[in-house]
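Q: I have a structure here, written as structure tokens, and I will follow up with some questions on it.
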Amino acid sequence: MKKGAHKNFFILIAFAVIHITNAIFNRIVMAKFFFNFPLFISILQYGILLLFIEIANSQNIIKLQPYTVERGKELMIPSILYSLSTYFTLTSLDGVSLHMFPLMTKLAPLTAIGIIFFLSEDRDTLTVGKIGIIGLIVLFSSMSVYFFYSFQPMSWFYGLFVAICLPYSFRLYYLQAEKTNIKDVIYVNCFNCFALFMIADLVVNEVNYVYYYYQTSASLAFYVSILFQVITGIFSYILLMYIIKKLGLITTTVTYTTLQSLQLFFAYLFSLILFYDITPTFFNILNIWLCVLCTIYYFMKHCQSISFLNRTTFKYTVSPNKR
């Protein structure tokens, strides 16, 4: 087995653990401490990451090309789509304010299939079995976050927006990573997202309200929680970009969707969920684990290709499927 395949597996496991941990701290900070300032959280996360990247680059720890307007423009569209998607996800907090939002976002893998079929030359990789197992993942992940029907047009709109735009941003990141170093993609996109959130704050003015929050409601537990939230958010973002580069659009979207469902189980397990008087039932928990099992089957069946290098000794290598 190739060393790269082992590396991709460990990156995937690390992303799963860090993403779920970050989701838990999102709930702690925003639901338990009522720090409902997603713009400021994003500014803090990308600002700190950008600072460390610039320091590492200046000390020759990593080598990156300087940010320019032209380089920024190449990633501006995916940066806008990704920034809006993450902002809506933080604002929704898995259905606390937008009840149908989580269910609609679980349609993202279907969008990924559509992108590959209509906009890529890799449509021949979309077998009936692959589409079928992805359909089951979408079904089970959707039911895992379904509690009751709510006619909220904005929650449907925001959810569909994320389900469409997030996979499309993944595709654009993947195409850019094919042409340049993934570290440059991480850096340029981080710069773009930081600038976009700063511009948005000029309108919303969250930083001003954060100052008043610090003066009245901050505590040591809050500072520790937001520190871990930012740290896990930074590593989750970096690992996500590497997964996009290594595993491609569909696998990344399937992984992201499953983790969004799985973190609901851990939030309930640690009593960190805030659904007012609504809590996950056996039906929700069952669908979460059915989704996880289908995702594991997807990885075993469709996320690796075997090529025989020496037919006499039957040596083989396993490489990731980038579709």
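Per our numbering, the sequence shown runs over residues 1 to 323.
For every residue, glycine included, the Cβ atom is placed at its ideal position computed from N, Cα and C.
It should be emphasised that the depicted structure is a prediction, and the values quoted were computed from it without experimental measurement.
Can you tell me whether I61 is helix, strand or coil according to DSSP?
A: Reading the sequence shown from its first residue, position 61 is the one you call residue 61. Of the three classes helix, strand and coil, the one that applies to I61 here is coil, per DSSP.
Q: When DSSP labels each residue in this structure, what does Y149 get in the three-state scheme?
A: Here residue 149 refers to the residue found at position 149 of the sequence shown. The answer is coil: DSSP assigns Y149 none of H, G, I, E or B.
Q: Counting Cβ pairs, one atom from each stretch, are 3 or more of them under 8 angstroms apart for the stretch 286–296 and the stretch 122–137?
A: Judged by Cβ distances under 8 angstroms, the stretch 286–296 makes contact with the stretch 122–137, as three or more pairs qualify.
Q: Measuring only the C-alpha atoms, how far is I243 from A14?
A: Position 243 of the sequence shown, counting from 1, holds the residue named residue 243. Position 14 of the sequence shown, counting from 1, holds the residue named residue 14. Taking the straight line joining both Cα atoms gives about 11 angstroms.
Q: Within 8 angstroms (strictly less), CB to CB, does N22 reach chain B?
A: Given the protein chain composition of this structure (a single chain), no chain B is represented.
Q: Tell me whether P102 is buried or exposed, calling it buried when 16 or more other Cβ atoms sit within 10 Å of its Cβ.
A: For this step, residue 102 is matched to residue 102 along the sequence shown. The residue is buried, with at least 16 neighbouring Cβ atoms inside 10 Å.
Q: Give a yes or no on contact between the stretch 139–147 and the stretch 189–203, applying the rule of three or more CB pairs nearer than 8 angstroms.
A: no
Q: Locate the alpha helix (DSSP H) running through A31, then write down its first and last residues.
A: Numbered from 1 along the sequence shown, position 31 holds the residue referred to as residue 31. A31 -> no alpha helix (DSSP H), and no H or E assigned at all.
Q: Buried or exposed: F37, going by 16 or more other Cβ atoms within 10 Å of its Cβ?
A: Residue mapping note: residue 37 aligns to position 37 of the sequence shown, counting from 1. When all chains shown are included, F37 counts as buried.
Q: Answer with buried or exposed for M345, where buried requires no fewer than 16 other C-beta atoms within 10 angstroms of its C-beta.
A: Summary: the structure shown does not reach residue 345, with the chain confined to residues 1 through 323, and so no result is reported for it.
Q: When the distance is taken between beta carbons, is I250 closer than 8 angstroms to I164?
A: Taking the first residue of the sequence shown as 1, we reach residue 164 at position 164. Taking the first residue of the sequence shown as 1, we reach residue 250 at position 250. Against a cut-off of 8 angstroms, the Cβ pair of I250 and I164 comes out as no contact.
Q: Where does H302 fall in DSSP's three states?
A: Residue mapping note: residue 302 aligns to position 302 of the sequence shown, counting from 1. Here H302 sits in helix by DSSP.
Q: Just to confirm the assignment, what range does the alpha helix (DSSP H) spanning Y268 have?
A: The sequence position of residue 268 within the sequence shown is 268, counting from 1. L220 to L269 is the span of the alpha helix (DSSP H), which, as asked, contains Y268.
Q: Apart from the five residues just before and just after L49, which ones in its own chain have a Cβ nearer than 6 angstroms to its Cβ?
A: Position 49 of the sequence shown, counted from the first residue, corresponds to residue 49. Hits under 6 angstroms: C190 and I234.
Q: I'd like to know whether the C-beta atoms of R24 and Q263 end up nearer to each other than 8 angstroms.
A: On the sequence shown, position 24 is the one that residue 24 refers to. On the sequence shown, position 263 is the one that residue 263 refers to. According to the sequence as given, residue 24 is Ile; it is not Arg. Cβ atoms of I24 and Q263: closer than 8 angstroms.
Q: Could you tell me the alpha carbon to alpha carbon distance between W156 and F283, rounded to whole angstroms?
A: As a first step, residue 156 must be located in the sequence shown, where it is residue number 156. As a first step, residue 283 must be located in the sequence shown, where it is residue number 283. Cα-Cα distance, rounded: 22 angstroms.
Q: Do three or more CB pairs link the stretch 211–225 to the stretch 63–81 at distances below 8 angstroms?
A: no
Q: Classify Y158: buried if its beta carbon has 16 or more other beta carbons within 10 angstroms, exposed otherwise.
A: Along the sequence shown, one-based indexing puts residue 158 at 158. Of the other Cβ atoms in all chains shown, 16 or more fall within 10 Å of the Cβ of Y158; this residue is therefore buried.
Q: Excluding the 5 residues preceding and the 5 following P109 in the sequence, name in chain order all residues of the same chain whose CB lies nearer than 8 angstroms to its CB.
A: Start at 1 with the first residue of the sequence shown, and residue 109 comes out as number 109. So the list reads I134, I137, V138, P167, I250, T253, V254 and T257, once near-sequence residues are dropped.
Q: Sort E206, N287, V145 and I226 by Cα distance to S92 and report the nearest one.
A: To locate residue 92, count along the sequence shown from 1; it is residue 92. The shortest C-alpha separation from S92 is found at V145.
Q: Would you give the residue range spanned by the alpha helix (DSSP H) that T105 belongs to?
A: Position 105 of the sequence shown, counted from the start, is the residue given in the question as residue 105. Per DSSP, T105 belongs to the alpha helix (DSSP H) from F101 to T105.
Q: Taking the straight line between their C-alpha atoms, what separation do you get for I115 and L39?
A: Sequence index remark: in the sequence shown, residue 115 carries index 115 (1-based). Sequence index remark: in the sequence shown, residue 39 carries index 39 (1-based). Cα-Cα distance, rounded: 29 angstroms.
Q: Write down the C-beta distance between N22 and L90 rounded to the nearest angstrom, noting that I regard them as a contact closer than 8 angstroms.
A: Along the sequence shown, one-based indexing puts residue 22 at 22. Along the sequence shown, one-based indexing puts residue 90 at 90. Not really, about 11 angstroms apart at Cβ, beyond 8 angstroms.
Q: What's the C-alpha gap between C303 and F270?
A: Position 303 of the sequence shown, counting from 1, holds the residue named residue 303. Position 270 of the sequence shown, counting from 1, holds the residue named residue 270. One C-alpha to the other measures close to 32 angstroms.
Q: Measure from the alpha carbon of F228 to the alpha carbon of each residue in F10, H19, T127 and K7, then state which is nearest.
A: Here the question's residue 228 lines up with position 228 in the sequence shown. The residue with the shortest Cα to Cα distance from F228 is H19.
Q: How long is the line joining the alpha carbons of V207 and S261, rounded to whole angstroms?
A: Here residue 207 refers to the residue found at position 207 of the sequence shown. Here residue 261 refers to the residue found at position 261 of the sequence shown. Using only the alpha carbons, I get a separation of about 31 angstroms.
Q: Keeping to the same chain, check which residues put their C-beta closer than 6 angstroms to that of F10; ignore five residues upstream and five downstream.
A: Position 10 of the sequence shown, counted from the first residue, corresponds to residue 10. Hits under 6 angstroms: none found.
Q: Thinking V162 and T127 are a contact (beta carbons under 8 angstroms), I'd like their distance in whole angstroms, please.
A: Within the sequence shown, residue 162 is the residue found at index 162, counting from 1. Within the sequence shown, residue 127 is the residue found at index 127, counting from 1. Rounded, the Cβ-Cβ distance is 27 angstroms, inconsistent with contact.
Q: Give the straight-line distance between the Cα atoms of F34 and V230, rounded to the nearest whole angstrom.
A: As a first step, residue 34 must be located in the sequence shown, where it is residue number 34. As a first step, residue 230 must be located in the sequence shown, where it is residue number 230. Their backbone Cα atoms lie some 16 angstroms apart in a straight line.
Q: If you count every other CB in all the chains shown that lies within 10 Å of the CB of L51, and 16 or more means buried, which is it?
A: In the sequence shown, counting from the first residue as 1, residue 51 sits at position 51. L51 comes out exposed.
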